[in-house]
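In our numbering, the protein residues as written are 52 to 427.
Just so you know, even glycine gets a beta-carbon here, dropped at the ideal spot from N, CA and C.
What follows is one structure encoded as structure tokens, with my remarks underneath.
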């Protein structure tokens, strides 16, 4: 399953590199090599000055543009600028270079939009329970809902003003609202059979291990299947646009959770865990049918793709955001940042990325050890 997940993750990275490739061609920058996967080259063919390659290691891909090697050469020779011809990365106008840098992350966001449109056109179903909740009877189990006055048998209708239709909606809304004051509206049945709407202010807890918010309620009733009917093309475009925006906002809120004292080694996933989760998601989804399988996989890929969009736009050298930042500085000052200074800043950026990578890999090791122990 890890191999399947790795191939799916590689596709997202390849799609990112495709954005760089198309933008470079659009801006007149020569692409010397464009590879599917990385490592030793298995097959290649040169077309129009670009060497198209299929490499050995199924990990993403790369887009090698003319002039990238000139940066290293400028550092070695102690030059105060990176020389480059007009069809090279550092010889083109800085705003074009910024566009090339932005195109990769944008393609990740664009993929999310495409995936959401496809899901909307396919339609899908999921299993959940009603929004009528139960409060844990054990008083030792923390329940912010109980403390606020919410009772078993109440039906949650709104959280923070957003309508709730089932228990899945409750979980999704509360998951990103850990350690926060929220407003919960419920319908409560009266002894005479009537119903009244009540509003409660609840301060949620946060799961320090997983990072999700805790309301302290349980689902009740039988499991029900919810069917989302397929949409025609143009309504699906609209739905895809709004769903992409929802995922983007949800991801930004999710990043904010990292600053609430959660176990970062568990909350931040490395490549191995992401690949494993993708593979397991694909397996479970397709076990329920091809339509469900594609829907689940595309949803998961959308979440990861938006994360790649945000991460790569961080103004950290060695990421696309760093390239964009340097390009804008050059466009404003009309001067390149000296290569040696860029290099020193890149080392600092590399240290930050390695720190996050180590945290992610450490979390992966911890995840697989716990998983192996749980399987015994």
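Contacting residues, own chain, Cβ-Cβ under 8 Å from residue i (five flanking each side not counted)
i, result
"residue 274", "178, 179, 180"
"residue 258", "229, 264, 265, 313"
"residue 217", "179, 180, 181, 182, 275, 277"
"residue 209", "215, 234, 235, 236"
"residue 282", "171, 172, 174, 290"
"residue 295", "160, 163, 164, 167, 353, 357"
"residue 79", "137, 138, 143, 147"
"residue 422", "With a pLDDT of only 48 at residue 422, under 50, the local geometry of the prediction cannot be trusted, and no value is derived from it."
Sub-8 Å separation of residue i and residue j beta-carbons
i, j, result
"residue 232", "residue 252", "yes"
"residue 365", "residue 152", "no"
"residue 88", "residue 109", "yes"
"residue 118", "residue 135", "yes"
"residue 301", "residue 227", "yes"
"residue 348", "residue 59", "yes"
"residue 73", "residue 91", "no"
"residue 133", "residue 390", "yes"
"residue 146", "residue 382", "yes"
"residue 141", "residue 127", "no"
"residue 452", "residue 213", "Shown here, the chain extends from 52 to 427; a query on residue 452 therefore has no answer."
"residue 378", "residue 125", "no"
"residue 434", "residue 204", "Because residue 434 is not part of the residues shown, which for the chain are 52 to 427, the question remains open."
"residue 176", "residue 55", "no"
Residue range of the alpha helix (DSSP H) that includes residue i
i, result
"residue 170", "145–173"
"residue 355", "341–363"
"residue 305", "284–308"
"residue 220", "218–226"
"residue 121", "119–127"
Start-to-end residues for the beta strand (DSSP E) that takes in residue i
i, result
"residue 115", "101–116"
"residue 191", "Careful: residue 191 lies outside any beta strand (DSSP E) and carries neither H nor E."
"residue 239", "232–240"
"residue 92", "82–98"
"residue 250", "246–254"
"residue 209", "206–210"
Residue i - DSSP class collapsed to helix/strand/coil
i, result
"residue 136", "coil"
"residue 276", "strand"
"residue 270", "strand"
"residue 55", "helix"
"residue 176", "strand"
"residue 400", "helix"
"residue 386", "coil"
"residue 261", "coil"
"residue 424", "At residue 424 the pLDDT is 47, less than 50, meaning the model places this residue with poor confidence; the figure from the coordinates comes in the next sentence. Three-state DSSP puts residue 424 in a helix."
"residue 367", "coil"
"residue 419", "Its pLDDT being 47, under 50, residue 419 is placed unreliably by the model, and the measurement read from it follows with that caveat. It is helical."
"residue 184", "strand"
Same chain only: Cβ atoms within 7 Å of residue i, ignoring 5 sequence neighbours per side
i, result
"residue 100", "81"
"residue 102", "83, 84, 95"
"residue 350", "170"
"residue 376", "366"
"residue 387", "132, 133, 381"
Residue i burial status per 10 Å Cβ neighbour count (16 or more: buried)
i, result
"residue 243", "exposed"
"residue 189", "exposed"
"residue 393", "buried"
"residue 372", "buried"
"residue 380", "exposed"
"residue 424", "Note that residue 424 scores 47 on pLDDT, short of 50, meaning its location in the model is unreliable and no value can be drawn from it."
"residue 67", "buried"
"residue 307", "exposed"
"residue 61", "buried"
"residue 255", "buried"
"residue 272", "exposed"
"residue 207", "buried"
"residue 129", "exposed"
"residue 158", "buried"
"residue 104", "buried"
"residue 341", "exposed"
"residue 57", "buried"
"residue 303", "exposed"
"residue 287", "buried"
"residue 398", "exposed"
"residue 115", "buried"
"residue 346", "buried"
"residue 98", "exposed"
Neighbourhood of residue i by C-beta distance below 6 Å, restricted to the same chain and skipping five residues each side
i, result
"residue 268", "184, 196"
"residue 455", "Because the chain is modelled from 52 through 427, residue 455 falls outside the range shown and cannot be assessed."
"residue 154", "70, 71, 74"
"residue 219", "179"
"residue 187", "194"
"residue 156", "360, 363, 364, 371"
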